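A.B. asks: Take a look at this one; I'll ask things after.
Dropping the structure here:
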């Protein structure tokens, strides 16, 4: 499996506590969640690129 995918799973798991804190009203936790979600977005984009490369590699082979 992709290293980026494993990193994505870890990132989502790690931010869970901050999401719970943010929903309870902790404003500092909301900032951490927003930053983590930006990291998730960027990592998801990298995974998307990897999958496109895999798809295109099969066409060339």
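Numbering (our numbering), first residue to last: 10 to 70.
Idealized CB from N, CA, C, for every residue including glycine.
Bear in mind the structure is a predicted one, so any value in this text is a computation, not a measurement.
Excluding the five sequence neighbours on either side, which residues of its own chain have a C-beta within less than 7 Å of the C-beta of residue 53, listed in chain order?
C.D. replies: 17, listed in sequence order.
A.B. asks: Just to confirm before moving on: does the CB-CB distance between residue 49 and residue 28 stay below 8 Å?
C.D. replies: Not a contact, by the Cβ cut-off of 8 Å.
A.B. asks: Quick one: does residue 39 have its CB under 8 Å from some CB of chain D?
C.D. replies: The displayed structure is made up of one protein chain only, and chain D is not part of it.
A.B. asks: Assuming the contact rule is C-beta atoms closer than 8 Å, residue 40 and residue 30 should be a hit. Round their C-beta distance to whole Å, please.
C.D. replies: Not really, about 11 Å apart at Cβ, beyond 8 Å.
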